[in-house]
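K.L.:
What follows is a structure written as structure tokens; I'll ask about it next.
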Amino acid sequence: MKKYNPQKIEGKWQKKWLKTESFSALDSSKKEKFYCLDMFPYPSSYGLHVGHPEGYTATDIVSRYKRMKGFEVIHPMGWDAFGLPAENFAIKSHIHPKETTKKSIATFKKQIQSLGLSYDWDREISTADPEYYKWTQWIFLKLYENGLAYKKKAAVNWCESCKTVLANEQVQDGKCERCKNIVVQKDLEQWFFKTTAYAQKLLDGLKHVDWPQPIKLMQENWIGKSEGAEIEFSISNFQFSIKVFTTRPDTLYGATYMVLAPEHELVSKITSQEQKKEVEKYLKKSRKKTELERTDLAKEKTGVFTGAYAINPATKKKIPIWVADYVLSSYGTGAIMAVPAHDERDFEFAKKYKLEIIKVLDSSEDCYSGEGKIINSDEFNDLDNNIAKKNITEKVGGKLTTQYKLKDWLISRQRYWGAPIPIIYCEKCGEVPVLEKDLPVELPDDVDFKPKGESPLVKSKTFHQVKCPKCGQDARREVDTMDTFVCSSWYYLRYCDPHNEKEFASNEKLKKWMPVDLYVGGAEHACMHLIYARFIYKVLKDLGYVKIDEKADHNEPYQKLMNQGMILGEDHQKMSKSRGNVINPDDVIKEYGADTLRLYEMFMGTFSEVKPWDTKSIKGVYRFLDRVWHLQDKVDAQGKAVGNILHKTIKKVSEDIERFGFNTAISQMMILTNEMSALDKIYKSDFEKFLIILSPFAPHMAEELWELLGNKKSIFLERWPDYDKALIQDKEAQIIIQINGKLRDKIMIDAKHISDQKRIEELAMASEKVQKFIGSNKVKKIFYVKGRLLNIVV
Numbered sequence: 005m006k007k008y009n010p011q012k013i014e015g016k017w018q019k020k021w022l023k024t025e026s027f028s029a030l031d032s033s034k035k036e037k038f039y040c041l042d043m044f045p046y047p048s049s050y051g052l053h054v055g056h057p058e059g060y061t062a063t064d065i066v067s068r069y070k071r072m073k074g075f076e077v078i079h080p081m082g083w084d085a086f087g088l089p090a091e092n093f094a095i096k097s098h099i100h101p102k103e104t105t106k107k108s109i110a111t112f113k114k115q116i117q118s119l120g121l122s123y124d125w126d127r128e129i130s131t132a133d134p135e136y137y138k139w140t141q142w143i144f145l146k147l148y149e150n151g152l153a154y155k156k157k158a159a160v161n162w163c164e165s166c167k168t169v170l171a172n173e174q175v176q177d178g179k180c181e182r183c184k185n186i187v188v189q190k191d192l193e194q195w196f197f198k199t200t201a202y203a204q205k206l207l208d209g210l211k212h213v214d215w216p217q218p219i220k221l222m223q224e225n226w227i228g229k230s231e232g233a234e235i236e237f238s239i240s241n242f243q244f245s246i247k248v249f250t251t252r253p254d255t256l257y258g259a260t261y262m263v264l265a266p267e268h269e270l271v272s273k274i275t276s277q278e279q280k281k282e283v284e285k286y287l288k289k290s291r292k293k294t295e296l297e298r299t300d301l302a303k304e305k306t307g308v309f310t311g312a313y314a315i316n317p318a319t320k321k322k323i324p325i326w327v328a329d330y331v332l333s334s335y336g337t338g339a340i341m342a343v344p345a346h347d348e349r350d351f352e353f354a355k356k357y358k359l360e361i362i363k364v365l366d367s368s369e370d371c372y373s374g375e376g377k378i379i380n381s382d383e384f385n386d387l388d389n390n391i392a393k394k395n396i397t398e399k400v401g402g403k404l405t406t407q408y409k410l411k412d413w414l415i416s417r418q419r420y421w422g423a424p425i426p427i428i429y430c431e432k433c434g435e436v437p438v439l440e441k442d443l444p445v446e447l448p449d450d451v452d453f454k455p456k457g458e459s460p461l462v463k464s465k466t467f468h469q470v471k472c473p474k475c476g477q478d479a480r481r482e483v484d485t486m487d488t489f490v491c492s493s494w495y496y497l498r499y500c501d502p503h504n505e506k507e508f509a510s511n512e513k514l515k516k517w518m519p520v521d522l523y524v525g526g527a528e529h530a531c532m533h534l535i536y537a538r539f540i541y542k543v544l545k546d547l548g549y550v551k552i553d554e555k556a557d558h559n560e561p562y563q564k565l566m567n568q569g570m571i572l573g574e575d576h577q578k579m580s581k582s583r584g585n586v587i588n589p590d591d592v593i594k595e596y597g598a599d600t601l602r603l604y605e606m607f608m609g610t611f612s613e614v615k616p617w618d619t620k621s622i623k624g625v626y627r628f629l630d631r632v633w634h635l636q637d638k639v640d641a642q643g644k645a646v647g648n649i650l651h652k653t654i655k656k657v658s659e660d661i662e663r664f665g666f667n668t669a670i671s672q673m674m675i676l677t678n679e680m681s682a683l684d685k686i687y688k689s690d691f692e693k694f695l696i697i698l699s700p701f702a703p704h705m706a707e708e709l710w711e712l713l714g715n716k717k718s719i720f721l722e723r724w725p726d727y728d729k730a731l732i733q734d735k736e737a738q739i740i741i742q743i744n745g746k747l748r749d750k751i752m753i754d755a756k757h758i759s760d761q762k763r764i765e766e767l768a769m770a771s772e773k774v775q776k777f778i779g780s781n782k783v784k785k786i787f788y789v790k791g792r793l794l795n796i797v798v
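One point on numbering: in this note's numbering, the residue at position 600 of the sequence shown is 604, and numbering is uninterrupted.
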């Protein structure tokens, strides 16, 4: 009897799979395609932790299963190599990020291959490769040509520690998501992508994808569609007017003051001489607050009176104009009409500064923001407020409109390790795009890449040795690099045609493979990567560079999305080096083998839930595989059939893989293994069917046992077995007998009689246990749940 030696077996098959390119997808295949994709990793210097294999193993199981079901599967892997994580490590180690990233990728790749994951390594990409970011720059140029990429001065989130601008999505609780330092506001010239032009399309597309509902909801809230009206308020003694967007034009008669955001252009123009000092003092203070602090509902509202008055267009009354930082210049028009009787923030503000409060909705509450009848509004009194919205808007010359919370995507970064923005500045011609023939604009090496508040590319001599593409005079390049999310917004397209030097991907290949059928990754990317990738895909399709599925009424890159739950340390805390609770997958593989690690991570619990690591449980999984290994000794021509449990297992494992129920699939295979272990002999054909359904979960062991059984070809060239419907029917059924809802006995009955309630009642009444509890009581009712239980009410 050969001992189970996972390390020896696994090394053997990993080498063979790589050598024979066993999992390369064929572009020429006529089979139905299945595109299975992981969110590719940042190749950090620390290598994989045990959280990574959870998602990778899940997609590997699905990919192997789909291949055996007859699909041509594309399952690629690459590296999100640009960005802050790689650059910060390079700064800390005093080694160029090109070198540290290269080393990190080699470590990650080695670890991933040690898990036996069936990736198509011929399609491997790195976003830091000039052959890749050439096309990232090309995409920038296409957006620029079509008015979807632009530069403007804007108040941005600035991290002093990282010395760079951050997108709103990269600021959490007022702090940088990377270094956790406080983020401040700073006015800078920055590049943006016009994601706002696609707000409605991004919302509409969510109806057509199979995604977790919480992710859809997060995106809907982030895009933030609001139906309302634009209304103009003239300013007393000025030629200016203030335009506001409000979702409640029905409450216009209750507007008793106005508020401008501190950044609003009219603040300096309308502030009176008497109020100038106070307003300037307030503006200076508000600049130090982050957007999150300004909009925090729990914080006390502050503001200052400008000394100016607006005219309410409905009542014709003068109302004071205030400046308050709870109003943002980036949402709506940067100005609001304040209706304190029907808005909580306005109510707090009005109470604090003793401003007038007028109710215009019929309610007993001091501040009511719901629906109802209109009051104190002239001819609109007694109208339903939803009807009044349109009528009041029309009376004051406003217009009904739609606005979104979504902001344009800030892509400028004042860092070194990123794709250079392909723009040239010429004294004569101004802002000039790089010609396509001159791509890629490569990152120079003659740079001190440590951040100093401006892009390190400013100091490169070679980078700026450039002529204007229009006039030929000396010029300078743009020194900002692109947000790493730009690189990851289109990588799924490059996998379809990774070696193409003439275009980012041929339409023939895109037609073959797109869209992605299954995408797996963390839920934390809901409002960053997933929105950005959807935006870029829609733009490329609208511009005619992606011509697939022309009849589709939506343009979505990812059809089905699954999020894995976080794996915690054994202390039930998030794994971190500082806590000392990080589990290294290399250590687990060294002790138990990759198949055990794979199986354990799938067995821990529901795929999408948070789960703590448990070393005791992993030992149990290892023992299960050891039992499977020794089943080979029971294979015999005179074996006993296990048809019923085997075919039930085939059915359950097939269904569970489709629905990501990996833990219950493994449980069922454990039950089958126990049944087989209890027999003296088992049929070879039964054991082979079991190995096939086990193979996506424990590929090395399955491949080795398959070979030991005398099979010449790989197990992964086999067809997935079908279950026999006749063989999954139980011959006997267990019926629970209850008396007044309490379990009193269990009886076995021939499965063909489970519909015969009278027969089951007779058998139940014949039971001594049942008779004991009924005694002399009269039976009032009997309830029967087919095939499960009989409840006797006495």
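Even for Gly, the Cβ is constructed at its ideal location relative to N, Cα and C.
Quick check: what's the CA-CA separation for residue 167 versus residue 177?
P.N.:
What you label residue 167 is simply residue 163 of the sequence shown in a count that begins at 1. What you label residue 177 is simply residue 173 of the sequence shown in a count that begins at 1. Going from the Cα of residue 167 to the Cα of residue 177 covers about 19 Å.
K.L.:
Would you mind reading off the limits of the beta strand (DSSP E) that contains residue 315?
P.N.:
Position 311 of the sequence shown, counted from the start, is the residue given in the question as residue 315. Run containing residue 315: 307–315, per the beta strand (DSSP E) assignment.
K.L.:
Using DSSP bridges, identify the partner residues of residue 214.
P.N.:
Taking the sequence shown and counting its residues from 1, the one referred to as residue 214 is at position 210. Note: residue 214 sits in a beta bridge opposite 564.
K.L.:
Residue 856 to residue 37, Cα distance in whole Å?
P.N.:
The question about residue 856 has no answer here: the residues shown for the chain are numbered 5 through 798.
K.L.:
Report the rounded CA-to-CA distance for residue 740 versus residue 653, giving the unit in angstroms.
P.N.:
Against the sequence shown, residue 740 aligns to sequence position 736. Against the sequence shown, residue 653 aligns to sequence position 649. Whole-angstrom Cα-Cα distance: 24 Å.
K.L.:
Helix or strand or just coil, what does DSSP make of residue 385?
P.N.:
Walking along the sequence shown from the start, residue 385 turns up at place 381. Residue 385: coil per DSSP, three-state reduction.
K.L.:
Check for me: the beta strand (DSSP E) holding residue 161 runs from which residue to which?
P.N.:
Start at 1 with the first residue of the sequence shown, and residue 161 comes out as number 157. Its beta strand (DSSP E) spans residues 153–163.
K.L.:
Within 10 Å of its beta-carbon, does residue 476 have 16 or more other beta-carbons around it, so buried, or fewer, so exposed?
P.N.:
Taking the first residue of the sequence shown as position 1, residue 476 is located at position 472. Burial call: exposed.
K.L.:
Return yes when the Cβ of residue 648 is within less than 8 Å of the Cβ of residue 731, no when it is not.
P.N.:
Your numbering for residue 731 matches position 727 in the sequence shown. Your numbering for residue 648 matches position 644 in the sequence shown. Contact flag set, yes.
K.L.:
Do you know how far the Cα of residue 725 is from the Cα of residue 693?
P.N.:
Taking the first residue of the sequence shown as 1, we reach residue 693 at position 689. Taking the first residue of the sequence shown as 1, we reach residue 725 at position 721. Cα to Cα, residue 693 sits roughly 7 Å from residue 725.
K.L.:
Are the C-beta atoms of residue 232 and some chain D residue less than 8 Å apart?
P.N.:
The displayed structure is made up of one protein chain only, and chain D is not part of it.
K.L.:
Kindly indicate which residue of 618, 645, 342, 708 has the alpha-carbon position closest to the one of residue 681.
P.N.:
Translated into positions along the sequence shown, residue 681 becomes position 677. Ranking the options by Cα distance to residue 681, first place goes to 645.
K.L.:
Which value, in whole angstroms, describes the spacing of the CA atoms of residue 310 and residue 242?
P.N.:
Start at 1 with the first residue of the sequence shown, and residue 310 comes out as number 306. Start at 1 with the first residue of the sequence shown, and residue 242 comes out as number 238. The straight-line gap from Cα to Cα measures roughly 13 Å.
K.L.:
I think residue 248 touches residue 341, with their Cβ atoms under 8 Å apart; what is that distance to the nearest whole Å?
P.N.:
Residue mapping note: residue 248 aligns to position 244 of the sequence shown, counting from 1. Residue mapping note: residue 341 aligns to position 337 of the sequence shown, counting from 1. The pair is a contact, with the Cβ atoms about 5 Å apart (cut-off 8 Å).
K.L.:
CB-CB under 8 Å to residue 718, same chain, minus the five flanking residues each way: which ones, in chain order?
P.N.:
Stepping through the sequence shown from its first residue, residue 718 is reached at position 714. Here the set comprises 26, 707, 710.
K.L.:
Can you pull the DSSP bridge partners for residue 186?
P.N.:
Within the sequence shown, the letter at position 182 stands for residue 186. Answer by DSSP bridge pairing, in chain order: 179.
K.L.:
For residue 335, I'd like the list of residues in its chain whose CB is within less than 7 Å of its CB, leaving aside the five on either flank, ordered along the chain.
P.N.:
Indexing the sequence shown from 1 puts residue 335 at position 331. Counting only Cβ-Cβ distances below 7 Å, and skipping sequence neighbours, we find 409.
K.L.:
By how many angstroms is the C-alpha of residue 736 removed from the C-alpha of residue 798?
P.N.:
Residue mapping note: residue 798 aligns to position 794 of the sequence shown, counting from 1. Residue mapping note: residue 736 aligns to position 732 of the sequence shown, counting from 1. Using only the alpha carbons, I get a separation of about 28 Å.
K.L.:
Where do the ends of the beta strand (DSSP E) carrying residue 238 lie?
P.N.:
For the purposes of this step, residue 238 is taken as the residue at position 234 of the sequence shown. Start and end: 229–239.
K.L.:
Please work out which residues of its chain come closer than 6 Å, Cβ to Cβ, to residue 446, disregarding the five sequence neighbours upstream and downstream, and give them in chain order.
P.N.:
As a working mapping, residue 446 is identified with position 442 in the sequence shown. Correct list, in chain order: 134.
K.L.:
Grouping DSSP H, G and I as helix and E and B as strand, with all else coil, what is residue 639?
P.N.:
Start at 1 with the first residue of the sequence shown, and residue 639 comes out as number 635. Reduced to three states, the DSSP call for residue 639 is strand.
K.L.:
So what does residue 416 bridge to, in DSSP terms?
P.N.:
Taking the sequence shown and counting its residues from 1, one reaches residue 416 at position 412. Per DSSP, 486.
K.L.:
With respect to the beta strand (DSSP E) encompassing residue 795, which residues constitute its N-terminal and C-terminal limits?
P.N.:
The residue you call residue 795 lines up with position 791 of the sequence shown. Residue 795 -> beta strand (DSSP E) spans 793–797.
K.L.:
Pop quiz: residue 697 and residue 118 are said to be a contact at Cβ under 8 Å. What is the actual Cβ separation, rounded to whole angstroms?
P.N.:
Walking along the sequence shown from the start, residue 697 turns up at place 693. Walking along the sequence shown from the start, residue 118 turns up at place 114. So it is not a contact: roughly 24 Å between Cβ atoms.
K.L.:
Apart from the five residues just before and just after residue 661, which ones in its own chain have a Cβ nearer than 8 Å to its Cβ?
P.N.:
Counted from its first residue, the sequence shown places residue 661 at position 657. Within the same chain, residue 661 has close Cβ partners 65, 66, 69, 669, 700.
K.L.:
If you reduce the DSSP assignment to three classes, tell me which class residue 702 lands in.
P.N.:
Within the sequence shown, the letter at position 698 stands for residue 702. It is coil, neither helix nor strand.
K.L.:
Leaving out five residues before and five after residue 192 in sequence, what residues of the same chain have Cβ atoms less than 6 Å from its Cβ?
P.N.:
The count along the sequence shown starts at 1 and reaches residue 192 at position 188. The answer, listed in chain order, is 160.
K.L.:
Go ahead and label residue 752 buried or exposed: buried means 16 or more other beta carbons lie within 10 angstroms of its beta carbon, across all protein chains shown.
P.N.:
Start at 1 with the first residue of the sequence shown, and residue 752 comes out as number 748. It counts as exposed.
K.L.:
Can you tell me which residues form a DSSP beta bridge with residue 547?
P.N.:
For this step, residue 547 is matched to residue 543 along the sequence shown. Per DSSP, none; premise fails for residue 547.
K.L.:
Should the stretch 380–397 be regarded as contacting the stretch 448–463, the criterion being three or more beta carbon pairs within less than 8 Å?
P.N.:
Because the criterion of three Cβ pairs below 8 Å is not met, the stretch 380–397 and the stretch 448–463 do not touch.
K.L.:
What did DSSP end up calling residue 39 once you bin it into helix, strand or coil?
P.N.:
Mapped onto the sequence shown, residue 39 falls at position 35. Here residue 39 sits in strand by DSSP.
K.L.:
Closer than 8 Å by C-beta to residue 505: which residues in its own chain qualify, once you throw out the five before and the five after it? Chain order, please.
P.N.:
As a working mapping, residue 505 is identified with position 501 in the sequence shown. Within the same chain, residue 505 has close Cβ partners 135.
K.L.:
Please report the residue range of the beta strand (DSSP E) in which residue 326 lies.
P.N.:
Position 322 of the sequence shown holds residue 326. Looking at the DSSP string, the run of the beta strand (DSSP E) that includes residue 326 is 322–328.
K.L.:
Confirm, please, whether the CB-CB distance from residue 349 to residue 424 is below 8 Å.
P.N.:
As a position in the sequence shown, residue 424 is number 420, starting the count at 1. As a position in the sequence shown, residue 349 is number 345, starting the count at 1. No.
K.L.:
Residue 595 by DSSP, collapsed to three states: which one?
P.N.:
Position 591 of the sequence shown, counted from the start, is the residue given in the question as residue 595. In the structure shown, residue 595 sits in a helix (DSSP, three-state: H, G or I).
K.L.:
Quick one: using the 10 Å Cβ neighbour count with 16 as the cut-off for buried, is residue 212 buried or exposed?
P.N.:
Residue numbering aside, residue 212 sits at position 208 when the sequence shown is read from its first letter. Classification for residue 212: exposed.
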